[in-house]
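Put into structure tokens, the structure is as follows:
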């Protein structure tokens, strides 16, 4: 079993179309709603209809698991920012050949920007937890080549950020948050990746899957915590903070010498960081 298998479940087992919403609030930014739009399904609405639905709501950020040209074009001029994805199978060629990275940017970014606001590219999905050492080793070079190609292209493409999506399996310990630590199996790769994210201002992307936290601990207060509902909270003795719900907040370095971590929640990959609402106990 690959590291993190226990924390990771197939999306198809939950919903044929995974449209998960996250309401985000921060002291440094306005609240917004983001969704993941999965397309492993039948009878999906056409791109124009999907775009009209999104524009009729408060949704301002969308993550696609690949590159849906029709939907990306349909979102042009909408003000909705989009995260697109690189398939895991494309990572080795992008890592080995800068020209391949340039072709990927030419095909999947340049035709759409600046009309559509592509904010980030998620290079692979849960690669570090896949158990494929060669794929994991290719991840950072692929991210570097893609960013170099985007910068060389100039214009709006130069402002696109490049990251990769992880699960909570990268954490050896996550509770309480003050004792959080990365899994030693992925720490060597993460040191390079976090350095890259720090230098380029890109977010650290993570899928916590709060449903599985509740599944493993089905107490009423756990469900309330995961659903942003009122609850008594849990006291973190290390930080002396009472944790009540997930929220956006600046994190702290978890590997010495790196930038602040900016994990995301429930597969939405474009927010600054996710920690917790806090009440200090005197």
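Residue numbers (mature numbering (1 follows the signal peptide of the UniProt record, and there is no 0)): -29 to -1, 1 to 253. All C-beta atoms in this analysis are idealised placements derived from N, C-alpha and C, irrespective of residue type, glycine included. Owing to the predicted nature of the structure, the values given are computational and were not obtained by experimental measurement.
(request) Give a yes or no on whether the C-beta atoms belonging to residue 208 and residue 145 are separated by under 9 Å. (result) Translated into the one-based positions of the chain shown, residue 208 becomes position 237. Translated into the one-based positions of the chain shown, residue 145 becomes position 174. Result no, Cβ atoms of residue 208 and residue 145 do not sit closer than 9 Å.
(message) Once DSSP output is grouped into helix, strand and coil, what is the label at residue 232?
(response) Looking up residue 232 in the chain shown gives position 261. Here the model assigns residue 232 a pLDDT of 43, short of 50, so the residue's position is not dependable and the matter cannot be decided.
(request) Check each candidate in 136, 59 and 184 and name the one with the smallest Cα separation from residue 7. (result) Counting from one through the chain shown, the residue named residue 7 turns up at place 36. Of 136, 59 and 184, the residue nearest in Cα terms is 136.
(request) Since I believe residue 184 is in contact with residue 193 (beta carbons under 8 Å), could you give me their beta-carbon distance rounded to a whole number of angstroms? (result) Taking the first residue of the chain shown as 1, we reach residue 193 at position 222. Taking the first residue of the chain shown as 1, we reach residue 184 at position 213. The pair is a contact, with the Cβ atoms about 7 Å apart (cut-off 8 Å).
(message) Which same chain residues end up closer than 6 Å to residue 38 when comparing Cβ atoms and leaving out the 5 residues on each side of it in sequence?
(response) To locate residue 38, count along the chain shown from 1; it is residue 67. The answer, listed in chain order, is 55 and 79.
(request) Determine the burial state of residue 66: buried for a count of at least 16 other Cβ atoms within 10 Å of its Cβ, exposed for fewer. (result) Translated into positions along the chain shown, residue 66 becomes position 95. With 16 or more Cβ atoms within 10 Å of its Cβ, residue 66 is classed as buried.
(message) Taking 8 Å as the cut-off, does the region 89 to 100 touch the region 48 to 64 (at least 3 CB pairs, one atom from each stretch)?
(response) yes
(message) So, does the region 86 to 95 touch the region 123 to 132, judging by three or more C-beta pairs under 8 Å?
(response) yes
(message) I need the straight-line Cα distance from residue 12 to residue 211, nearest angstrom please.
(response) Numbered from its first residue, the chain shown carries residue 12 at position 41. Numbered from its first residue, the chain shown carries residue 211 at position 240. Those two C-alpha atoms are separated by around 45 Å.
(request) Look at the alpha carbon of residue 174 and the alpha carbon of residue 94, and state the distance between them as a whole number of angstroms. (result) Your numbering for residue 174 matches position 203 in the chain shown. Your numbering for residue 94 matches position 123 in the chain shown. Their backbone Cα atoms lie some 12 Å apart in a straight line.
(message) Looking at the strands, I want to know which residues DSSP matches up with residue 56.
(response) For the purposes of this step, residue 56 is taken as the residue at position 85 of the chain shown. BP columns for residue 56 point to 93.
(request) Could you say which of 114, 181 and 123 lies nearest to residue 138 if we only look at CA atoms? (result) Taking the chain shown and counting its residues from 1, the one referred to as residue 138 is at position 167. When each option's Cα is compared against that of residue 138, the closest is 181.
(message) Once the 5 residues before and after residue 57 are set aside, which same chain residues still bring their CB inside 8 Å of it?
(response) The residue you call residue 57 lines up with position 86 of the chain shown. Contacts found: 65, 75, 92, 93, 94, 95, 113 and 117.
(message) Please report the distance separating the alpha-carbon of residue 186 from that of residue 197.
(response) Position 215 of the chain shown holds residue 186. Position 226 of the chain shown holds residue 197. Residue 186 and residue 197: Cα-Cα distance of roughly 11 Å.
(message) Please report the distance separating the alpha-carbon of residue 140 from that of residue 105.
(response) Taking the chain shown and counting its residues from 1, the one referred to as residue 140 is at position 169. Taking the chain shown and counting its residues from 1, the one referred to as residue 105 is at position 134. Spanning the two alpha carbons is a distance of roughly 18 Å.
(request) Taking 9 Å as the cut-off, decide whether the C-beta atoms of residue 25 and residue 43 are in contact. (result) Start at 1 with the first residue of the chain shown, and residue 25 comes out as number 54. Start at 1 with the first residue of the chain shown, and residue 43 comes out as number 72. Not a contact, by the Cβ cut-off of 9 Å.
(request) Compare the beta carbon distance of residue 69 and residue 40 with 9 Å and say whether it is the shorter of the two. (result) If you number the chain shown from 1, residue 69 lands on position 98. If you number the chain shown from 1, residue 40 lands on position 69. Not in contact: residue 69 and residue 40 (Cβ atoms no closer than 9 Å).
(message) Let me check understanding here. Comparing Cα to Cα, which of 102, 188 and 84 lies closest to residue 126?
(response) Against the chain shown, residue 126 aligns to sequence position 155. Closest option to residue 126, Cα to Cα, is 84.
(request) Look at the Cβ atom of residue 123, then the Cβ atom of residue 73, and state whether they are nearer than 9 Å. (result) For the purposes of this step, residue 123 is taken as the residue at position 152 of the chain shown. For the purposes of this step, residue 73 is taken as the residue at position 102 of the chain shown. Cβ distance < 9 Å, so residue 123 and residue 73 count as in contact.
(message) Closest to residue 36 by C-alpha separation, out of 121, 178, 19 and 165, would be which residue?
(response) Taking the first residue of the chain shown as position 1, residue 36 is located at position 65. Minimum Cα distance to residue 36 is reached at 178.
(message) What residue range does the alpha helix (DSSP H) around residue 64 cover?
(response) Sequence index remark: in the chain shown, residue 64 carries index 93 (1-based). Unbroken alpha helix (DSSP H) run through residue 64: 62 to 67.
(request) Please state whether DSSP places residue 5 in a helix, a strand or coil. (result) Within the chain shown, the letter at position 34 stands for residue 5. Three-state DSSP puts residue 5 in a strand.
(message) What does the alpha-carbon distance come out to for the pair residue 147 and residue 34?
(response) For the purposes of this step, residue 147 is taken as residue 176 along the chain shown, with counting starting at 1. For the purposes of this step, residue 34 is taken as residue 63 along the chain shown, with counting starting at 1. Approximately 29 Å, taken between the alpha carbons.
(request) Let me know the secondary structure DSSP gives residue 268 once reduced to three states. (result) Shown here, the chain extends from -29 to 253; a query on residue 268 therefore has no answer.
(request) Can you grab the Cα-Cα spacing for the pair residue 45 / residue 22, in whole Å? (result) Sequence index remark: in the chain shown, residue 45 carries index 74 (1-based). Sequence index remark: in the chain shown, residue 22 carries index 51 (1-based). Straight-line Cα distance between these residues: approximately 6 Å.
(request) List the DSSP bridge partners of residue 176. (result) Position 205 of the chain shown holds residue 176. Its beta-bridge partners are 136.
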